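Chains as they are written, first to last, in this note's numbering: chain A, 508 to 801; chain B, 66 to 399.
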Amino acid sequence: MSRLAIPKTYKLYIGGKFPRSESGRVYEVTSADGTFLANAAKASRKDARDAVVAARSAFSGWSGATAYNRGQVLYRIAELLEGRRAQFIAEIIESEGASPADAMAQVDDAIDSWVWYAGWADKYVQATGGANPVSGPYFNISVPEPTGVVAIVAPQGTGQGTGQQAAGSLLGLVNVVAPALVSGNTVVVIANEAAPLAAISLSEVLATSDVPGGVINILTGSPAEMAPWLASHADVNAIDLAGAGALDWVDLQIAAAETLMRVLPPEPGVPAASLDRISFFTETKTVWHTKGLI
Amino acid sequence: MTTTQLALRDRTQSLIGGEPSDANLNRYLHGIPGVDAVGLEQRAAGLGSRSIKTTSKAWALDRIISLIDLTTLEGADTPGKVRSLVAKAMTPDAADMSTPRVAAVCVYGDMVPYAVEALGSAHSAGRDDGINVAAVATAFPSGRASLAVKLSDTSDAVAAGADEIDMVIDRGAFLSGRYGQVFDEIVAVKEACRRADGSFAHLKVILETGELNTYDNIRRASWLAILAGGDFIKTSTGKVAPAATLPVTLSMLEVVRDWHRLTGVKIGVKPAGGIRASKDAIKYLVTVAETVGEEWLTPHLFRFGASSLLNDVLLQRQKMTSGHYSGPDYVTID
Chain A
508 MSRLAIPKTY
518 KLYIGGKFPR
528 SESGRVYEVT
538 SADGTFLANA
548 AKASRKDARD
558 AVVAARSAFS
568 GWSGATAYNR
578 GQVLYRIAEL
588 LEGRRAQFIA
598 EIIESEGASP
608 ADAMAQVDDA
618 IDSWVWYAGW
628 ADKYVQATGG
638 ANPVSGPYFN
648 ISVPEPTGVV
658 AIVAPQGTGQ
668 GTGQQAAGSL
678 LGLVNVVAPA
688 LVSGNTVVVI
698 ANEAAPLAAI
708 SLSEVLATSD
718 VPGGVINILT
728 GSPAEMAPWL
738 ASHADVNAID
748 LAGAGALDWV
758 DLQIAAAETL
768 MRVLPPEPGV
778 PAASLDRISF
788 FTETKTVWHT
798 KGLI
Chain B
66 MTTTQLALRD
76 RTQSLIGGEP
86 SDANLNRYLH
96 GIPGVDAVGL
106 EQRAAGLGSR
116 SIKTTSKAWA
126 LDRIISLIDL
136 TTLEGADTPG
146 KVRSLVAKAM
156 TPDAADMSTP
166 RVAAVCVYGD
176 MVPYAVEALG
186 SAHSAGRDDG
196 INVAAVATAF
206 PSGRASLAVK
216 LSDTSDAVAA
226 GADEIDMVID
236 RGAFLSGRYG
246 QVFDEIVAVK
256 EACRRADGSF
266 AHLKVILETG
276 ELNTYDNIRR
286 ASWLAILAGG
296 DFIKTSTGKV
306 APAATLPVTL
316 SMLEVVRDWH
326 RLTGVKIGVK
336 PAGGIRASKD
346 AIKYLVTVAE
356 TVGEEWLTPH
366 LFRFGASSLL
376 NDVLLQRQKM
386 TSGHYSGPDY
396 VTID
């Protein structure tokens with residue numbers, strides 16, 4: 508007896524919940540060779556706005572958690588991802604047309620990336636802040652602090668190998684989201700438009716992990732449609748244009764400048780894991796303190 | 066007994082066919098047709114689904130601001146808090162001076178002098194333009210005090226310069242069927258609203274719908290408050306959940322509509338508590354316009370009792386003028 512397959516409708520991930528797009532729109536996700544894989548929600552600017560509200564309300568809790576705790580939470584994501592490797596490998600093979608070996612390598616790299624960034628949570632402050640030398644009877648200390656809500660355009664495209672936008676749909680997302688989270692920022696990320704399945708499956712992992720709702724918000728749909736609204740949004744503190752190379756990203760920078768937003772320019776391919784990406788989304792607070800009454 | 070009280074008594078007598086005693090009021094109020102709860106909620110949901118965009122939305126946002134009773138009713142209120150509330154009432158958005166002012170500031174009775182002082186020449190004090198000072202009185206929010214205390218609470222606030230008095234009804238008496246007592250209290254408080262020059266402070270009667278349990282009770286309480294001479298009927302104190310909801314406000318508006326048809330007198334309605342988003346407030350505007358008519362969308366006949374609503378409206382307003390989303394950093398913290 509033949510069985511009718513049940514294709515999954517992938518939804519957005521906003522504030523720890525899985526809503527459909529406010530606009531009611533969906534778009535077809537196809538494999539690299541054009542066969543239908545699933546319907547994904549096509550988020551609108553209002554979904555982006557709701558995501559920013561969710562991210563803002565999660566910010567005080569996430570940035571207020573101890574660095575050690577944030578590290579544990581990020582490490583927990585890696586643990587859960589390890590248990591669902593097969594699903595991610597299958598999705599990457601389907602949607603990117605990657606070879607099983609490449610897909611497996613991408614998932615392994617993504618898991619390792621979570622672990623690498625989790626380790627930085629209670630160490631980046633020592634690496635990027637510190638005591639400043641002063642010629643007076645007081646201490647002068649610089650401390651990096653999270654900047655707030657970070658909007659991210661994840662690496663786009665499904666091309667394999669060396670193209671301008673050859674982007675792993677899972678690794679590309681992890682390598683832009685994780686560094687922003689380390690210092691306590693909350694994130695609104697526009698997933699890979701052509702290959703969003705791994706991103707939404709990741710959100711299902713996040714929903715069952717220890718990450719508080721609203722800390723990571725994942726939108727699927729058109730970056731060209733949503734990025735301008737996020738770039739001009741007065742309640743977004745920084746924007747990572749990693750995957751916006753194909754957009755008119757100079758205009759996005761101009762819009763972002765209106766509200767003094769930090770802008771990280773586009774990068775070809777998958778950004779490498781680096782401390783710079785962590786420290787970019789921090790603001791340094793410098794304070795002085797008396798040496799004590801002797 | 067004064068002439069206004071006598072006139073009120075005459076009107077009530079001719080309507081309910083006798084003295085406003087427990088028995089007569091009971092017979093009258095229980096003779097009012099019951100509320101179709103499912104129909105009411107469906108109607109409210111339908112009215113809440115209208116799409117209000119662009120110029121209509123811009124109009125609605127400005128109108129909402131001009132209908133707000135900007136409220137602070139905390140045990141921790143200080144003269145300074147009241148002054149900053151008044152500053153916000155006078156200049157809701159310092160970055161855009163075309164923003165309308167709110168209708169009134171609503172404070173506890175002992176804060177009225179500070180509100181009046183802070184308003185200065187912006188205080189309406191009987192004029193049509195300007196900002197009113199509303200004071201909650203009669204042992205707000207519970208209403209559990211003797212009548213003498215409630216009356217002196219009211220007259221104190223009026224003497225201090227309050228233009229509007231928000232009184233609470235005795236829900237205990239209402240729920241146990243002592244309608245005459247509730248009626249007499251409202252009449253007495255109305256009399257305590259009299260100023261030295263013979264004019265009256267506006268009286269808003271808070272029904273505290275969250276404690277009345279049924280739509281039928283809410284309808285009866287609305288009739289009772291209007292019969293007794295309330296100028297406004299107000300849903301809630303904001304201290305009890307659920308506070309204002311759209312179906313409750315709709316049913317109160319229906320009473321106001323019926324009263325207008327019956328007597329030609331326009332009574333105001335004030336939903337209060339729990340209205341935080343402009344989207345919700347717009348639903349109320351639609352409900353008012355569709356139930357009693359657009360002429361009710363003036364500060365004399367409709368108010369929002371709210372504190373955080375104003376900031377959300379300002380954010381929406383900034384979005385409409387600037388073309389991009391605004392954030393809480395661009396409005397005052399209160």
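Glycine included, C-beta positions come from ideal geometry on N, C-alpha and C.
All of these numbers come straight from a predicted model, not from anything done at the bench.
By a C-beta neighbour count over all protein chains shown, 10 Å radius and 16 as the cutoff for buried, is Gly185/B buried or exposed?
Here residue 185/B corresponds to residue number 120 of the second sequence, with the count starting at 1. Answer is exposed; the Cβ neighbour count stays below 16.
Contacts of Trp736/A in chain B (Cβ-Cβ under 8 Å): Indexing the first sequence from 1 puts residue 736/A at position 229. Chain B residues near Trp736/A: His389, Tyr390.
#### Entry: chain A contact residues for Tyr280/B, given Cβ-Cβ distances below 7 Å
Position 215 of the second sequence, counted from the first residue, corresponds to residue 280/B. The contacting residues do not exist; Tyr280/B stays about 31 Å from chain A at best.
(Q) Please report the distance separating the alpha-carbon of Thr274/B from that of Val313/B. (A) Within the second sequence, numbered from 1, the residue matching residue 274/B stands at position 209. Within the second sequence, numbered from 1, the residue matching residue 313/B stands at position 248. Spanning the two alpha carbons is a distance of roughly 8 Å.
* Asked: Can you tell me whether DSSP reads Met768/A as helix, strand or coil?
  -> The residue labelled residue 768/A in the question sits at position 261 within the first sequence. Coil at Met768/A, not helix or strand.
Legend entry - Helix, strand or coil at Leu138/B according to DSSP, with G and I counted as helix: Translated into the one-based positions of the second sequence, residue 138/B becomes position 73. Three-state DSSP puts Leu138/B in coil, outside helix and strand.
Requested in this report: Indicate the three-state DSSP secondary structure (helix, strand or coil) for Phe543/A in the structure shown.
Outcome: By 1-based counting over the first sequence, the position of residue 543/A is 36. Strand at Phe543/A.
query: Could you give the distance in angstroms between the alpha-carbon of Leu709/A and the alpha-carbon of Thr635/A?
result: For the purposes of this step, residue 709/A is taken as residue 202 along the first sequence, with counting starting at 1. For the purposes of this step, residue 635/A is taken as residue 128 along the first sequence, with counting starting at 1. If I take the Cα positions, the gap works out to 30 Å.
message: For the segment 716-750 of chain A, list every residue whose C-beta sits within 7 Å of some C-beta in chain B, in sequence order.
response: Trp736, Ser739, His740, Ala741, Asp742
* If you drop the 5 nearest sequence neighbours on each side, which residues of the same chain put their C-beta closer than 8 Å to that of Val351/B? -> Here the question's residue 351/B lines up with position 286 in the second sequence. Once the five neighbours on either side are set aside, the close Cβ partners of Val351/B are Leu112, Gly113, Arg115, Ile117.
* Using the beta-carbon count (16 or more within 10 Å), is Lys344/B buried or exposed? -> For this step, residue 344/B is matched to residue 279 along the second sequence. By the neighbour-count rule (16 or more Cβ atoms within 10 Å), Lys344/B is not buried but exposed.
>> For Thr203/B and Gln246/B, what's the separation of their Cα atoms in angstroms?
In response: Numbered from its first residue, the second sequence carries residue 203/B at position 138. Numbered from its first residue, the second sequence carries residue 246/B at position 181. Those two C-alpha atoms are separated by around 14 Å.
Thinking Pro662/A and Gly750/A are a contact (beta carbons under 8 Å), I'd like their distance in whole angstroms, please.
-> To locate residue 662/A, count along the first sequence from 1; it is residue 155. To locate residue 750/A, count along the first sequence from 1; it is residue 243. Their Cβ separation, rounded to whole angstroms, is 4 Å, which keeps Pro662/A and Gly750/A in contact under 8 Å.
Please go through the same chain and pick out, in chain order, the residues whose beta-carbon is closer than 6 Å to the beta-carbon of Ala738/A, but skip the five residues on each side of it.
Mapped onto the first sequence, residue 738/A falls at position 231. The answer, listed in chain order, is Ile746, Leu759, Ala762, Ala763.
Please state whether the Cβ-Cβ distance between Lys299/B and Gly242/B is less than 8 Å. Here residue 299/B is taken as the residue at index 234 of the second sequence, counted from 1. Here residue 242/B is taken as the residue at index 177 of the second sequence, counted from 1. The answer is no: Cβ separation not under 8 Å.
Terminal residues of the continuous alpha helix (DSSP H) containing Ile618/A? For the purposes of this step, residue 618/A is taken as residue 111 along the first sequence, with counting starting at 1. Start and end: 607-627.
| In chain A, which residues lie less than 8 Å from Asp394/B when you measure between Cβ atoms? | For this step, residue 394/B is matched to residue 329 along the second sequence. Residues of chain A passing the Cβ test: Ala741, Asp742.
query: Within the 8 Å Cβ cut-off, does Asp783/A reach chain B?
result: Here the question's residue 783/A lines up with position 276 in the first sequence. Output row for Asp783/A: interface = no.
- Message: With the cut-off set at 8 Å, would you say Ala109/B and Leu277/B are in Cβ contact?
- Response: Translated into positions along the second sequence, residue 109/B becomes position 44. Translated into positions along the second sequence, residue 277/B becomes position 212. No, these two residues do not count as a Cβ contact at 8 Å.
Counting only C-beta atoms, is Arg556/A closer than 8 Å to chain B at any point?
By one-based count along the first sequence, residue 556/A stands at place 49. Closer than 8 Å to some Cβ of chain B, the Cβ of Arg556/A qualifies, so yes.
Worksheet item: Out of Met385/B, Lys255/B, Leu132/B, Pro157/B, which has the shortest C-alpha to C-alpha gap to Thr67/B?
Response: The sequence position of residue 67/B within the second sequence is 2, counting from 1. Comparing Cα positions, the closest option is Lys255/B.
### Assigned exposure category for Leu767/A - 16 Cβ within 10 Å defines buried
Taking the first sequence and counting its residues from 1, the one referred to as residue 767/A is at position 260. Leu767/A is exposed by the Cβ-count criterion.
Check: Do you know offhand how far Gly358/B's Cα is from Thr164/B's?
Finding: If you number the second sequence from 1, residue 358/B lands on position 293. If you number the second sequence from 1, residue 164/B lands on position 99. Their Cα atoms are separated by approximately 25 Å.
What are the start and end residues of each continuous alpha helix (DSSP H) run of 4 or more residues lying completely inside the segment 158-185 of chain B, in chain order? 177-184
- Proximity to Ser316/B [Cα-Cα], best of Ala286/B, Asp231/B, Ser189/B, Thr302/B: Here residue 316/B corresponds to residue number 251 of the second sequence, with the count starting at 1. Ranking the options by Cα distance to Ser316/B, first place goes to Ala286/B.
For this session: Would you check if the distance between the CB atom of Arg284/B and the CB atom of Ile97/B is smaller than 8 Å?
Result: Here residue 284/B refers to the residue found at position 219 when the second sequence is read from its first residue. Here residue 97/B refers to the residue found at position 32 when the second sequence is read from its first residue. Result yes, Cβ atoms of Arg284/B and Ile97/B sit closer than 8 Å.
**Contacts around Leu71/B, its chain only, beta-carbon distance under 8 Å, and the 5 residues preceding and following it disregarded** = As a first step, residue 71/B is located in the second sequence; it is residue number 6 there, counting from the start. Excluding residues within five positions, none has a Cβ falling inside 8 Å.
Open item on the list: Taking its Cβ as the centre, do 16 or more other Cβ atoms sit within 10 Å of Asn744/A, making it buried, or is it exposed?
Closed with: For this step, residue 744/A is matched to residue 237 along the first sequence. The residue is buried, with at least 16 neighbouring Cβ atoms inside 10 Å.
Could you please give me the residues that DSSP links to Tyr534/A through a beta bridge?
-> Within the first sequence, the letter at position 27 stands for residue 534/A. Beta-bridge pairing links Tyr534/A to Ala547/A.
Candidates Ile291/B, Arg260/B, Val198/B, Ile234/B: closest to Leu150/B by CA position
The residue you call residue 150/B lines up with position 85 of the second sequence. When each option's Cα is compared against that of Leu150/B, the closest is Val198/B.
Task: Cβ contact check for the segment 547-557 of chain A and the segment 582-590 of chain A: 3 or more pairs under 8 Å - done: no
Going by CA-CA distance only, name the one from Ser264/B, Arg326/B, Gly174/B that's closest to Thr69/B.
-> Start at 1 with the first residue of the second sequence, and residue 69/B comes out as number 4. That would be Ser264/B, whose Cα lies nearest to the Cα of Thr69/B.
- Query: If we count the other Cβ atoms within 10 Å of its Cβ and call it buried at 16 or more, is Ile398/B buried or exposed?
  - Reply: The residue you call residue 398/B lines up with position 333 of the second sequence. When all chains shown are included, Ile398/B counts as exposed.
Query - As assigned by DSSP and simplified to three states, the class of Tyr645/A - result: If you number the first sequence from 1, residue 645/A lands on position 138. DSSP places Tyr645/A in strand when its eight states are reduced to three.
Practice problem: Kindly identify the DSSP beta-bridge partner or partners of Asp747/A. | Solution: As a first step, residue 747/A must be located in the first sequence, where it is residue number 240. DSSP lists Ile659/A, Leu771/A as partners of Asp747/A.
Can you list, in chain order, the residues of its chain with a C-beta nearer than 8 Å to that of Ala168/B? Leave out the 5 residues immediately preceding and following it. Here residue 168/B refers to the residue found at position 103 when the second sequence is read from its first residue. Excluding sequence neighbours, Ala168/B sits near Ser131, Leu132, Ile133, Asp134, Ile196, Asn197, Pro364, Arg368.
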